[in-house]
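The opening residue of the sequence shown carries number 152 in our numbering; numbering runs sequentially from there.
Even for Gly, the Cβ is constructed at its ideal location relative to N, Cα and C.
The structure displayed is predicted, hence computed values, not measured ones.
Scroll down for the structure; my scribbles are underneath it.
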Amino acid sequence: MSIPFGQTRTRIAARHALIAPDGHVKSSVPGITGAAAVILVSEAMGAKVAQLLVTFESGGRAALPAGDVETAGYFETGGGTLTIGRAKQRCGAGGFFFAPAGSAWSITAPRKGTRVTLFQKKFAPLAGAPAPGAVIGDAARVKGEPFLGDPDARLQVLLPDVPAFDLAMNIFTYQPGATLPFVETHIMEHGLLMLAGQGVYRLEDSWYPVAAGDAIWMAPYCPQWFVAMGKAPASYLYYKDVNRPAL
Ligand code: UGY
Ligand code: MN
């Protein structure tokens, strides 16, 4: 959509960012072909995580080599064949995966228009903990638990919350009017994609209207709060770094 007079809801601040879809620009990403890849969050804005939105054409592919980077991915729409090391599985919308550092992975034979979000970070090993294994799953099979006792704000934890994993990928779904129960301020960083619905996100001392398709970055200690608005539930996919010592 073209917006007159150079307006956008996008806002890039030092400690948080809101990236609205109207400003998306494709990047050439090594290993990703036949697809539009938009790097929504990266080290270039001060983040320690990268968040990519990849929209595949038919015949497109993503084939990433083994290295010190780990990847958590989520199929927002469409589907494709996911391979992580020796594991291979067809994923549809709602499919998710974790490819550990040291494992090559690929998405092949995607349906045209398949949208996949990738969160990538350098793996932080933990002495005494095993290396995390590959995960392939379906969000439809992960129960949403009430968040801090609120049945109208439900959290799906997609990856194992054990010391081996230094990142989490979750889906938060709010009924209209439901909120984060307080303004969170924490050491964990977030990358986030609005999947459905709309609401208002507080980031530091600014309040932003947000809707499906918007991406958000929250630096460590960025005060954050959300209220779902409108007549349909709002949900977002998000990343956070977890399970590592403070120093
Ligand atoms: O897991 C979280 O920190 C989550 N409650 N934060 C958020 O939704 N902004
Ligand atoms: Mn949080």
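Tell me whether F316 sits in a helix, a strand or coil according to DSSP, three-state version.
coil
Enumerate in chain order the residues of its own chain whose CB-to-CB distance from Y372 is below 8 Å, with the five nearest sequence positions on each side excluded.
Within the same chain, Y372 has close Cβ partners R166, T336, H337 and I338.
Is it the case that the Cβ atoms of V205 and A213 are separated by a distance below 8 Å?
yes
Counting Cβ pairs closer than 8 Å, one from the region 309-325 and one from the region 386-397, do we hit at least three?
yes
Taking Cβ to Cβ, would you say T222 is nearer than 8 Å to I258?
Remark: C-beta atoms of T222 and I258 do not approach each other more closely than 8 Å.
Please go through the same chain and pick out, in chain order, the residues whose beta-carbon is closer than 7 Å to the beta-carbon of A379, but skip the five residues on each side of it.
Y325, Q326, P327, G328, A329, G348, G350 and A385
Note down, in chain order, each residue of its chain lying with its Cβ closer than 8 Å to the Cβ of G182, except the 5 sequence neighbours on either side.
A213, A214, L215 and P216
In the structure shown, what three-state DSSP assignment does F156 receive?
helix
Contact defined as beta carbons within less than 8 Å: I believe F274 pairs with A252. What is the distance between those atoms, to the nearest angstrom?
4 Å
Report yes if the C-beta of Q375 is less than 7 Å from at least one heavy atom of the ligand UGY; otherwise report no.
yes
Helix, strand or coil, according to DSSP, for P302 in the structure here?
strand
Can you find a heavy atom of the ligand UGY that lies under 7 Å from the Cβ of N321?
yes
Can you say whether E227 is buried or exposed, counting buried as having 16 or more other CB atoms within 10 angstroms of its CB?
buried
Compute the beta-carbon to beta-carbon distance between G381 and Q202, rounded to the nearest angstrom, for a pair I have assumed lies under 8 Å.
Cβ-Cβ separation between G381 and Q202: approximately 24 Å, too far for a contact (criterion under 8 Å).
How would you call S179, buried or exposed, if buried means at least 16 neighbouring beta carbons within 10 angstroms?
exposed
Please state if the CB of V189 and the CB of Q271 are separated by a distance shorter than 8 Å.
no
Quick check on this structure: which residue in L331, I367, D303 and G243 has the alpha carbon closest to the alpha carbon of A383?
D303
Rounded to a whole number of angstroms, what is the C-alpha to C-alpha distance between P332 and R305?
12 Å
Quick one: give me the first and last residue of the beta strand (DSSP E) that I235 is part of.
Boundaries of the beta strand (DSSP E) harbouring I235: G230 to I235, taken from the DSSP string.
Mind checking whether G211 and P283 have CB atoms under 8 Å apart?
Cβ atoms of G211 and P283: not closer than 8 Å.
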